[in-house]
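Notes follow once the structure below has been shown.
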Amino acid sequence: ALSSALVTGIVNGYICCLVGCVLPNFGCALILRQMLKRNETRLARLTDSLRRYPNDKYSLSLRMQLKENIWSLKKIEFGVVLILIA
3 ALSSALVTGI
13 VNGYICCLVG
23 CVLPNFGCAL
33 ILRQMLKRNE
43 TRLARLTDSL
53 RRYPNDKYSL
63 SLRMQLKENI
73 WSLKKIEFGV
83 VLILIA
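Count along the sequence shown from 1, add 2, and you get the number used in this note's numbering.
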């Protein structure tokens with residue numbers, strides 16, 4: 003009876019670990035991948051003929067922001083994948 007309770011506890015621990023840790027991280031990795039693809043597509047569609055007006059409030063161009071977002075998302079995605087592997 004004690005050994006079956008021990009085995010049941012261990013199995014429940016693995017199930018809780020899978021449901022509580024692995025699945026949310028996997029979902030996060032998928033969402034980050036989707037965001038990365040969308041930003042890369044937007045960057046590829048941009049042309050150099052974008053007009054900038056002198057009273058624009060933002061100092062960074064859309065192209066620069068997208069490049070920074072893509073770089074950041076790649077680093078975050080790499081970290082999430084490392085967590086999933088470990």
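All C-beta atoms in this analysis are idealised placements derived from N, C-alpha and C, irrespective of residue type, glycine included.
Is the separation between the beta-carbon of residue i and that of residue j shorter than 8 angstroms?
| i | j | result |
| --- | --- | --- |
| glutamate 100 | leucine 38 | Not covered by the structure: residue 100. The range shown for the chain is 3 to 88. |
| leucine 75 | leucine 34 | yes |
| leucine 68 | leucine 45 | yes |
| asparagine 27 | isoleucine 85 | yes |
Quick check: the Cα distance between residue i and residue j, rounded to an integer number of angstroms?
| i | j | result |
| --- | --- | --- |
| isoleucine 87 | tyrosine 16 | 16 angstroms |
| serine 6 | valine 83 | 35 angstroms |
| tryptophan 73 | arginine 40 | 13 angstroms |
| cysteine 30 | glycine 81 | 11 angstroms |
| threonine 43 | valine 24 | 29 angstroms |
| leucine 8 | leucine 32 | 35 angstroms |
| lysine 77 | threonine 10 | 39 angstroms |
| glycine 22 | leucine 4 | 26 angstroms |
| glutamine 36 | isoleucine 12 | 35 angstroms |
Helix or strand or just coil, what does DSSP make of residue i?
| i | result |
| --- | --- |
| serine 63 | coil |
| alanine 88 | coil |
Exercise. In the stretch 3–41, which residue ranges form an unbroken beta strand (DSSP E) of at least 3 residues, counting only runs that do not cross its ends?
Worked result: none
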